[in-house]
Each structure stands twice: as C-alpha cells, then as structure tokens.
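Right, one structure below, let's go through it.
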Amino acid sequence: MVHKFLAAAGLAAMIAAASPAWAQMPPAVDAAVNDAARPEADKARDADRKPAEMLAFADVEPGDVVLEMLPGGGYFTRILARAVGPQGKVYAAQPPAADPAKPPPIVAVAEQYDNVTVIPARVGALAVAEPVDVIWTAQNYHDFHLARLNLDVAAVNRNLFETLKPGGTLLVIDHAAAAGAPLEAADSLHRIDPAKARAEIEAAGFEFVAESDALRNPEDTRTVGVFDPAIRGKTDQFVFKFRKPE
Numbered sequence: 259m260v261h262k263f264l265a266a267a268g269l270a271a272m273i274a275a276a277s278p279a280w281a282q283m284p285p286a287v288d289a290a291v292n293d294a295a296r297p298e299a300d301k302a303r304d305a306d307r308k309p310a311e312m313l314a315f316a317d318v319e320p321g322d323v324v325l326e327m328l329p330g331g332g333y334f335t336r337i338l339a340r341a342v343g344p345q346g347k348v349y350a351a352q353p354p355a356a357d358p359a360k361p362p363p364i365v366a367v368a369e370q371y372d373n374v375t376v377i378p379a380r381v382g383a384l385a386v387a388e389p390v391d392v393i394w395t396a397q398n399y400h401d402f403h404l405a406r407l408n409l410d411v412a413a414v415n416r417n418l419f420e421t422l423k424p425g426g427t428l429l430v431i432d433h434a435a436a437a438g439a440p441l442e443a444a445d446s447l448h449r450i451d452p453a454k455a456r457a458e459i460e461a462a463g464f465e466f467v468a469e470s471d472a473l474r475n476p477e478d479t480r481t482v483g484v485f486d487p488a489i490r491g492k493t494d495q496f497v498f499k500f501r502k503p504e
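Here the working numbering is used: position 33 in the sequence shown is 291, and no number is missing along the way.
Next comes the structure, spelled out in structure tokens:
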C-alpha cells in the first residue's frame, strides 16, 4: 500500500498540472471509460465530468475494492466496475427506495455487473463486508448537510475513515459554494464551501493529499443553485483526494 500511495502521489501531481487532453491514462481506466457498453447518455456527459481524469487521480486500479457513496444513476458505477475488473469489487451505497415497488436505478445497473453490490447507505453506520481501497463520493458530500437528514457529519466522516483500509483513498468531488458560504448552502444551492468540507474531513483523521483543477469553472459565480439551467452541468467543482494514514 505504501508503494501504491507513493506512485499515486506522483500521478496526482501530474494530473493536477496537466491539461484535460493528458493522454497517458492507466490502461484499465482508459478501457473502462471507452467501454462500448456504456450508455450513450453517459458518454455525452464525459466532457463535463472527465471520468478518466477522476479515476486516474484517485488511483483506481484493477483488483481494488471501491465504496461508492450515493451512486445515483450509476454514471461512475459502470466505469468503476470495469476499471477494477473481475478481481475487484464496487459497493454502491444507496438509500432504500421510498416505494419498494420502484427500486432506484442503481439496482438495474448492478445487475449488469458481477462485481457490483448495492448496499444500504446507512450514512454514519455503513456496514461494508470488507475494508475498502477507495471511497468515492461525487457531487453528494454536501448532501450530508441537508437539514432534512439531520446527520452528525463528524460521525459520518469517522465512519468513512473506519471503513477505509490504512493507506486507502477518499475522493470527494462536489459543487463549490462561495468561500465562507454557510453550510445551509447545501439546502439552498446544493453546494458546499470547499474549505469547510476539507476541514471536516481532515478532522476525522484523513490526510489531505492533493487537489485536481480538472472540474473548475471560474465563470461560475457559485451563488446559484446547481440545477439552474444557466449553470447545470457546468458548475465549479472541487476535487479533493485524501488518504487514511498507514
């Protein structure tokens, strides 16, 4: 794990400094993103979400065990499943459906992959069958602060810390709020101040490793909701990589 982390640190530095056209992607990542079985609707979002850069930055490798928090429609789930390969696993942590007769989309996605398992997203009390190499949360860390959930976010982050293997990686991608914005921006804008998110995560014991600028958009004022048609799909997003100490 130490050697993997040192290699990852060097890779992270290259990716953070590279242009979006950086071509030397790990073969497993490149193959996963270019998988012909991916839905065309997913591929159409790649220019904005930059999945190859994100997986390479997180150092996702064949054989890894990945915990994906709140996978939504499975955009990253499909790519992660192919990238970790048959020797790896993806645990997709999904809240239970309000109506059991209408399962969330991730259930159908998981049925297409032998290495994807949907587990209950008991946020703050996750029960994963094994320690994981990578925890992945994309555009939903701010959700931990939604008033209706009334979560103890410090406890949530400690639970994530305990779930991760020593030396493992936590990748956080989220919509950036303006510097100093209150945590209530999660409800009003579906955003979070990057500095506040980083401070919370580090308080749980994680070490900050690096930041990627691949999803930054300086034209986003960070003051409108992420679903506003003027900015949807083009928000200024921060990408933080953390490590659990050995």
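Idealized CB from N, CA, C, for every residue including glycine.
With a contact defined as Cβ atoms closer than 8 Å, A413 and R480 miss out at about 28 Å. Taken through DSSP and simplified to helix, strand or coil, V392 comes out as strand.
Setting aside the 5 residues that flank it on each side, T395 is surrounded in the same chain by M327 and V430, each with a C-beta closer than 6 Å to its C-beta; the list follows chain order. DSSP, reduced to helix, strand and coil, places I337 within a helical segment of the structure shown. Within its own chain, the residues whose Cβ lies closer than 7 Å to the Cβ of P354, once the five positions on either side in sequence are excluded, are P378, listed in chain order. Sequence-distant partners of G343 (beyond 5 residues in either direction) whose C-beta falls short of 6 Å from its own C-beta, in its chain, are P320.
In the DSSP annotation of this structure, the continuous segment of the beta strand (DSSP E) that includes K499 starts and ends at Q495 to R501. For the pair N292 and D410, the Cα-to-Cα distance works out to about 39 Å. Taking each of N373, R456 and L473 in turn and checking the Cα distance to E465, the smallest one comes out for R456. Taken in chain order, the complete alpha helix (DSSP H) segments of 4 residues or longer contained in the stretch 396-464 are 411-421, 443-446 and 452-461. Rounded to the nearest angstrom, the Cβ distance from P389 to K423 is 4 Å, consistent with a contact under 8 Å. Below 8 Å, too few C-beta pairs join the stretch 397-407 and the stretch 367-377 to call them touching: fewer than three. Distance from the CA of P476 to the CA of A443, rounded to the nearest whole angstrom, comes to 19 Å.
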